[in-house]
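Quick notes on the structure that follows.
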Amino acid sequence: MQAATLILVACFGPKPVAAKRGCQASLADWQPREALEKKLAAEGWTVSSTRLDDGCYKARATNDRGERLHAIRPGKH
Numbered sequence: 001m002q003a004a005t006l007i008l009v010a011c012f013g014p015k016p017v018a019a020k021r022g023c024q025a026s027l028a029d030w031q032p033r034e035a036l037e038k039k040l041a042a043e044g045w046t047v048s049s050t051r052l053d054d055g056c057y058k059a060r061a062t063n064d065r066g067e068r069l070h071a072i073r074p075g076k077h
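In the UniProt record's numbering, the protein residues as written are 1 to 77.
What follows is the structure, given as structure tokens:
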């Protein structure tokens with residue numbers, strides 16, 4: 001049973017992920033980069049940099065547990 005489930009996930013799982021590249025937020029919904037940085041700081045993240053890449057904000061940030069943040073959709077966060 002587990003092998004069959006694994007095979008189904010391997011065959012059908014990656015396709016939806018691979019089909020959606022980048023972020024799909026409309027420009028009207030974008031928030032300023034400064035708003036993102038303030039929100040992350042309020043949630044306990046230490047932001048070292050943010051940039052726009054492939055339609056997403058890419059934020060380099062860590063929290064007090066050492067977790068890393070990689071990407072945020074540019075829309076309403």
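Built from N, CA and C at the ideal position, the CB exists for glycine as well.
Please report the residue range of the beta strand (DSSP E) in which residue i lies.
i: residue 52; result: 46-53
Who pairs with residue i in a beta bridge, going by DSSP?
i: residue 59; result: 50
i: residue 65; result: Answer is none; residue 65 lacks a bridge partner.
Going by alpha carbons, who is nearest to residue i out of the options?
i: residue 63; options: 49, 44, 34; result: 44
i: residue 36; options: 24, 68, 26, 61; result: 61
Residues in the same chain with beta-carbon distance under 7 Å from residue i, minus the five sequence neighbours each way, listed in chain order, please.
i: residue 49; result: 60
i: residue 51; result: 58
The alpha helix (DSSP H) spanning residue i covers which residue range?
i: residue 37; result: 33-42
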